[in-house]
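Structure record follows, encoded as structure tokens.
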Amino acid sequence: MKLWSVAVLAAAALIGIVGASYWSVGAVAVVTGILCIVVGIGWPHLLDVPAKKTQGAVLALAGAAACAAALVAPSTALLTWLPGVAAVGVGAIFLIQLLRGTGQAHRLESTIGNIAGVLLTVMGSGWVAADRLAGADGSPAGLTISAAGILAALAVSLIPLPDRITAPLGVAAGALAGALAGVLQPEAGVHAAAAALMGAAGAAVVMAVRRLILSRDDISTRRGRLALALAPIVALGSVVYFLASLLVP
-11 MKLWSVAVLA AAALIGIVGA SYWSVGAVAV VTGILCIVVG IGWPHLLDVP AKKTQGAVLA
49 LAGAAACAAA LVAPSTALLT WLPGVAAVGV GAIFLIQLLR GTGQAHRLES TIGNIAGVLL
109 TVMGSGWVAA DRLAGADGSP AGLTISAAGI LAALAVSLIP LPDRITAPLG VAAGALAGAL
169 AGVLQPEAGV HAAAAALMGA AGAAVVMAVR RLILSRDDIS TRRGRLALAL APIVALGSVV
229 YFLASLLVP
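Counting in our numbering, the sequence shown runs from -11 upward without gaps.
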């Protein structure tokens, strides 16, 4: 799969989330929920495991349910229902494997891979929770600062250089972009060092996934390619929420 196509899809998804954050929390939930559904449906195709439709449906429903739960959760515990949704999703994956019967091919790979997929899709609800952390002025500083770092890393990931060069360069670019985004939002009150940390964290995930993407040239389905491109953005949701809850006043 071409690296530039992955970067473009990931950037478009991220811009969609940030753009929705300036509209309403509900819009963020809808956009993120759609991304979780796309990743959930495509994840079994990316892994190339049996029972793609049923397991993909479980992953998609888990991600969408987690986003809806984050939208209506108490403001003091925005991700309080995430563990419950994840547990139901994991239980459903085990149930599917039991119903497949004994002696089925790729059972272990399918179980482990799709449990990871459940955890990944429900982490997308962090974007909704992070948007609900917006300050009194309505500015979603946590999202915009993290998104700046992620976008910078996506740009650096396209440079055709070895990982030992692009990885530290991407993290540094993410930190710089995050700090700049923080400085440009003085009303949010985020310290430049904290903003740099938020940008660097997202950038580090992007640069780590870059190596995986370059090693996967055997993805033949469109759904699998979409899942590969969007999965890092979805998974970063909970990371962004955690950092925003700690570092954004």
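Every residue gets a Cβ at the ideal spot worked out from N, C-alpha and C, and that includes glycine. Note that the structure is a prediction, hence the values are computed from the model and not measured.
Each residue's CA atom was taken as its position, placing Ile81 and Val178 some 41 Å apart.
The count of Cβ pairs closer than 8 Å, one atom from the stretch 216 to 235 and one from the stretch 21 to 38, reaches three, so the stretches are in contact. Inclusion of Ala141 and Tyr229 in the CB contact set at 9 Å is not warranted, their separation being larger than that value. When DSSP states are grouped into helix, strand and coil, His179 belongs to the coil group. The three-state reading of DSSP puts Tyr10 in coil, since its state is none of H, G, I, E or B.
By the C-beta density criterion, Gly137 is buried, having at least 16 other C-beta atoms within 10 angstroms. Around the C-beta of Trp11, fewer than 16 other C-beta atoms lie within 10 Å, and the residue is accordingly described as exposed. Scanning its chain for C-beta atoms nearer than 6 Å, with the 5 sequence neighbours on each side dropped, one finds around Pro32 the residues Lys40, Gln43 and Gly44, in chain order. The beta carbons of Leu231 and Met195 sit about 17 Å from each other, so the pair does not count as a contact at 8 Å.
For the pair Trp(-8) and Val78, the Cα-to-Cα distance works out to about 33 Å. In the DSSP assignment, Gln85 falls within the alpha helix (DSSP H) that extends over Leu70 to Leu87. For Lys40, the enclosing alpha helix (DSSP H) has its first and last residue at Lys40 to Val60. Remark: three or more beta-carbon pairs, one from each stretch, lie closer than 8 Å, so the stretch 106 to 117 and the stretch 47 to 59 are flagged as touching.
Within the same chain, Ala52 and Cys55 come within 6 Å of Gly21 by CB-CB distance, once the 5 residues on both sides are set aside. If you ignore the 5 residues before and after Ser134, its C-beta comes within less than 6 Å of the C-beta of Met186, Gly190 and Val228, all in its own chain and listed in chain order. Between Gly166 and the set Leu131, Pro150, Ser145 and Pro148, the nearest pair of CA atoms involves Leu131.
Ala65 is the residue among Leu200, Ala65 and Val19 whose C-alpha sits nearest the C-alpha of Leu121. The Cβ-Cβ distance between Ala8 and Val16 falls below 9 Å.
Taking all protein chains shown into account, Arg198 has 16 or more neighbouring C-beta atoms within 10 Å of its C-beta and is therefore buried.
Judged by DSSP secondary structure, Val37 falls outside any alpha helix (DSSP H); it is assigned neither H nor E. Judged by their CB atoms, Ala182 and Val236 are nearer to each other than the 9 Å cut-off. In the three-state reduction of the DSSP assignment, His94 falls in the coil class, being assigned neither a helical nor a strand state.
Arg152 counts as exposed, since fewer than 16 other C-beta atoms from the protein chains shown sit within 10 angstroms of its C-beta.
Nearest to Leu47 by C-alpha distance, out of Val13, Val110, Glu97 and Ile100, is Val110.
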